[in-house]
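S.K.: The structure is given below, and queries will be raised subsequently.
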Amino acid sequence: MNHVDAVAMLAVLQFIGFGALVGKARGTYGVKAPAVTGSEPFERIYRVQMNTLELLVALLPALYAAAHYWPSLYVAGAGAVYLVGRIVYWRAYVASPSSRSLGFLLSIGPILALALAALVPALLGKTPI
Amino acid sequence: MNHVDAVAMLAVLQFIGFGALVGKARGTYGVKAPAVTGSEPFERIYRVQMNTLELLVALLPALYAAAHYWPSLYVAGAGAVYLVGRIVYWRAYVASPSSRSLGFLLSIGPILALALAALVPALLGKTPI
Amino acid sequence: MNHVDAVAMLAVLQFIGFGALVGKARGTYGVKAPAVTGSEPFERIYRVQMNTLELLVALLPALYAAAHYWPSLYVAGAGAVYLVGRIVYWRAYVASPSSRSLGFLLSIGPILALALAALVPALLGKTPI
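Chains as they are written, first to last, in the working numbering: chain A, 10 to 138; chain B, 10 to 138; chain C, 10 to 138.
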């Protein structure tokens, strides 16, 4: 459980970090709340946060559900790929939104793998470990 | 636990599927990242994904918390209604946003039921099963 | 576990309540779906919901993961601060977006505390309680 908790909390803190970058970008690019448009560089950072939100809500349950059936080290390993994928995504998106594919695949891949790694044994009625 | 894991992972994969539809709609309607506006048909699909994000973040904890107190088959049944409700919502929203009420009620209803099914026994100090 | 479930479900229901306020504001300010812009008062309420979504996706896993290592009463106490913080944030944001800092700090503070309270013991390999 420990490896899974560690990776899950790193994913949460990484997401909060992206949120902090959005807050900072509001100042840098002069985008006052409640607006979220009006500056392309701001919107890029905002979209990184939003895309990470979309993925995090899928990653976290998949991570814990997969850990019901598989050794926590494997599960945490998939989560670690996600963490790296998000950094790649962030750097690419801020530089050029059209170059975001690799980082996206490195983030969505582990999520799909974990979700299927939980779904298949659950459907087959395997006993949780 | 298995039924709950199965329904939870289907909800995660359904959400990822809505995300894939948004990606496809970027191409179809020519909405380049980071923009999320500029084409009504694109915005409809994007709003389905966003609304599902809002509900998924409520559904998943309610599902697992309700399973602390109720048989997993009942809990998973409520989750299955949510899954159908999201399909109804998606089809209605894309056809005409003003017709989205039924699908929304079929999605939010199970979430409220599950959240209360966890909250009430938790407040009463019931022993988790 | 009961205290944690109770606080988690209250956070979920609070978020659904903010969503209901957005739905009501669509009528009050004449913002028809799929639009989410066009009226400043509407956008303020919408941003409260979105910001709460961003925080809830971090709060809930941090709450349950921290409960693996710490007494549930302490964990639930941090969650209760978050719940109050969200009410402060909502009231301040709707009155004046620039006054939202206190409510935000009261919400993000408990989340960071809980995430670290789970991360540190997980990294140290502590046995879950």
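We put the CB at the ideal spot given by N, CA and C, even for glycine.
#1: Our contact map puts L62/B next to L123/B with C-beta atoms below 8 Å; I'd like the distance itself, whole angstroms only.
#2: Given this structure, state the Cα-to-Cα distance separating V17/B from V13/C, to the nearest angstrom.
#3: Please report the residue range of the alpha helix (DSSP H) in which P119/A lies.
#4: For a contact defined as C-beta to C-beta under 7 Å, what are the partners of F113/B on chain A?
#5: Where does I4/A land, buried or exposed, given buried means 16+ other C-beta within 10 angstroms?
#6: What in chain A is Cβ-close to L133/B, meaning under 9 Å?
#7: Any Cβ of chain A within less than 8 Å of the Cβ of R100/C?
#8: Once you ignore the five residues that flank Y55/B on each side, which residues in its own chain have a CB closer than 6 Å to its CB?
#9: At the level of alpha carbons, what is the spacing between E49/A and R53/C?
#10: Return the CA-CA distance between I138/B and L19/C, expressed in angstroms with no decimal places.
#11: Alpha carbon to alpha carbon, how far is Y102/B from S110/B?
#12: Kindly say whether R153/B, judged by its beta-carbon, lies nearer than 8 Å to any beta-carbon of chain C.
#13: Which residues in the same chain have their Cβ closer than 8 Å to the Cβ of F24/B, if we skip the five residues on either side of it in sequence?
#14: In three-state DSSP terms, what is S48/C?
#15: Considering only the alpha carbon of each residue, which of R95/B, K41/B, L132/B and S107/B lies closest to G118/B?
#16: In chain order, what residues of the same chain have a beta carbon less than 7 Å from the beta carbon of L82/A, not counting five sequence neighbours either side?
#17: Name the residue from A76/C, G86/C, A89/C and S107/C whose alpha carbon lies nearest to the alpha carbon of A131/C.
#18: In terms of residues, what are the limits of the alpha helix (DSSP H) holding T37/B?
#19: Would you give the residue range spanned by the alpha helix (DSSP H) that A89/A belongs to?
M.R.: Straight from the coordinates:
#1: Counting from one through the second sequence, the residue named residue 62/B turns up at place 53. Counting from one through the second sequence, the residue named residue 123/B turns up at place 114. Incorrect: roughly 18 Å between the Cβ atoms, too far for contact.
#2: As a position in the second sequence, residue 17/B is number 8, starting the count at 1. As a position in the third sequence, residue 13/C is number 4, starting the count at 1. In the sequence as displayed, the identity of residue 17/B is Ala instead of Val. Cα to Cα, A17/B sits roughly 20 Å from V13/C.
#3: Start at 1 with the first residue of the first sequence, and residue 119/A comes out as number 110. Looking at the DSSP string, the run of the alpha helix (DSSP H) that includes P119/A is S110 to L132.
#4: Position 104 of the second sequence, counting from 1, holds the residue named residue 113/B. Neighbours of F113/B on chain A: none; closest Cβ ~18 Å, over 7 Å.
#5: Residue 4/A lies beyond the stretch modelled for chain A, which goes from 10 to 138, so this question has no answer here.
#6: Here residue 133/B refers to the residue found at position 124 when the second sequence is read from its first residue. Under the 9 Å cutoff, chain A gives no residues; its nearest Cβ is about 26 Å from L133/B.
#7: Locating residue 100/C in the third sequence gives position 91, where the first residue counts as 1. It does not: the Cβ of R100/C has no partner Cβ on chain A nearer than 8 Å.
#8: As a first step, residue 55/B must be located in the second sequence, where it is residue number 46. Same-chain partners within the cutoff: V31 and V45.
#9: Walking along the first sequence from the start, residue 49/A turns up at place 40. Walking along the third sequence from the start, residue 53/C turns up at place 44. Straight-line Cα distance between these residues: approximately 21 Å.
#10: Position 129 of the second sequence, counted from the start, is the residue given in the question as residue 138/B. Position 10 of the third sequence, counted from the start, is the residue given in the question as residue 19/C. One C-alpha to the other measures close to 21 Å.
#11: Here residue 102/B refers to the residue found at position 93 of the second sequence. Here residue 110/B refers to the residue found at position 101 of the second sequence. Taking the straight line from one Cα to the other gives about 9 Å.
#12: Residue 153/B falls outside the range modelled here, since chain B spans only 10 to 138, and no answer is possible.
#13: Counted from its first residue, the second sequence places residue 24/B at position 15. These residues qualify, in order along the chain: Q58, T61, L62 and L65.
#14: For this step, residue 48/C is matched to residue 39 along the third sequence. Residue state, collapsed to three classes: coil.
#15: Position 109 of the second sequence, counted from the start, is the residue given in the question as residue 118/B. Nearest C-alpha to G118/B: R95/B.
#16: The residue you call residue 82/A lines up with position 73 of the first sequence. Answer for L82/A: H12, listed in chain order.
#17: The residue you call residue 131/C lines up with position 122 of the third sequence. It is A76/C.
#18: Numbered from its first residue, the second sequence carries residue 37/B at position 28. It spans N11 to Y38 - the alpha helix (DSSP H) in which T37/B sits, taken as one unbroken run.
#19: Taking the first sequence and counting its residues from 1, the one referred to as residue 89/A is at position 80. Run containing A89/A: S81 to A104, per the alpha helix (DSSP H) assignment.
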